[in-house]
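Asker:
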Amino acid sequence: MSKILVTGATGGLGSAVVNFLLEKTDASNIAVLARDTAKVEALKEKGVNIVVGDYNDVDSLIAAFQGIDKLYFVSGSDVQHRLLQQENVVKVAVAAGVKHVVYTSFQRKNETETSPIAFVAESHIKTEEWLKASGLAYTILKHTLYTDLLPMFVGEQVMETGVIYQPAGDGKTAFALRTDMAEAGANILTSEGHENKIYEITGAKTYSYQDIAEIISSITGKQIVYVSPSVEEFSKTLTEAGVPAEYIGLFAGFSGAIKDGEFDEVSTDLATLLGRTPTSVETYLQGVYGK
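Using our numbering, read the sequence shown as starting at 61 and increasing by one per residue.
(1) Is DSSP giving Tyr259 helix, strand or coil here?
(2) Can at least three beta-carbon pairs, one atom from the stretch 314-333 and one from the stretch 231-245, be found at a separation below 8 Å?
(3) Would you give the residue range spanned by the alpha helix (DSSP H) that Thr328 belongs to?
(4) Strictly by DSSP, which residues pair up with Ser62?
(5) Would you grab the beta carbon distance between Ala124 and Gly113 for me? Rounded to a whole angstrom, and I think it's under 8 Å.
(6) Here's a check: name, in chain order, each residue in its chain whose Cβ is nearer than 6 Å to the Cβ of Ala76, leaving out the five neighbours to either side.
(7) Kindly indicate the opening and closing residues of the beta strand (DSSP E) around Tyr198.
(8) Below 8 Å CB to CB, which residues in the same chain sit around Lys186 once its five sequence neighbours on both sides are set aside?
(9) With 16 other CB atoms within 10 Å as the buried threshold, where does Leu209 fall?
(10) Identify whether His357 lies in helix, strand or coil by the three-state DSSP scheme.
(11) How about the stretch 266-283 and the stretch 297-305: do they share at least three Cβ pairs that are nearer than 8 Å?
(12) If you count every other CB in all the chains shown that lies within 10 Å of the CB of Arg168, and 16 or more means buried, which is it?
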């Protein structure tokens with residue numbers, strides 16, 4: 061059986077991938093890369109191999125990748141340093157003889173500097189290029205936005221304010237649940253035929269924030285309205301509310317991308333990889349707001 065290494069195993073996506081892998085293969089075939097072994101102690105108790113490593117530390121990656129056949133490569137969360145970190149991972153994977161890299165990229169249309177999320181896209185675009193040129197077998201997963209992010213996007217106080225406030229216009233997104241993405245990743249890692257493939261990992265339907273407002277209203281019986289301000293008004297309002305500038309920029313960037321239609325394409329790839337229809341936004345929101 062292939063030896064599989066999962067990075068990002070202390071995060072929501074990576075940890076879910078490991079849990080699905082444990083249902084499909086023996087724990088001895090699974091390893092996780094961690095900077096802090098204390099955070100993955102529970103996995104060690106299940107028989108998962110723990111290797112210490114850091115995307116910034118090439119020597120640690122060289123040691124961690126020895127004997128690994130398949131690498132589930134979760135993109136780094138440090139946007140400022142991600143380009144160098146991910147170049148390290150690809151170079152070491154080649155040198156260590158890793159056979160297949162499954163990389164978590166993200167869905168997009170505009171790859172130019174005019175994209176509202178160009179600051180996020182750059183490292184993904186370059187990493188995909190490096191993988192394609194590396195000679196490694198690769199699978200690129202272009203993830204849409206997580207359905208799980210909706211409570212943050214609509215606001216923690218939405219039931220008190222009755223307002224969803226985002227500068228996303230009428231843009232729609234094919235949201236998909238993080239655990240569905242993780243299950244698809246585990247299925248790829250434990251089957252064949254995914255080499256040198258690019259999958260668009262999306263939900264089965266697109267939703268605007270107006271749609272989300274109507275769904276939450278239906279679930280809760282409380283009227284929720286969607287207001288789409290200009291980016292300038294949005295930034296001013298959040299600044300006055302004490303929201304840190306970096307968060308305002310992130311929200312504005314992704315809302316701008318939604319408005320531009322960056323995430324409005326629906327693919328059947330996720331459904332095919334799961335062997336079922338992906339979890340709907342309605343089902344997820346019922347679990348969050350239907351309590």
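Quick reminder that beta carbons are idealized off the backbone N, C-alpha and C, glycines included.
Answerer: By the coordinates alone:
(1) strand
(2) yes
(3) Here Thr328 belongs to no alpha helix (DSSP H), and DSSP marks it neither H nor E.
(4) None; Ser62 has no bridge partner.
(5) 4 Å
(6) Thr239, Ala242
(7) 197-203
(8) Leu143, Gln146, Glu147
(9) exposed
(10) With the chain covering 61 to 351 only, the question about residue 357 has no answer from this structure.
(11) no
(12) buried
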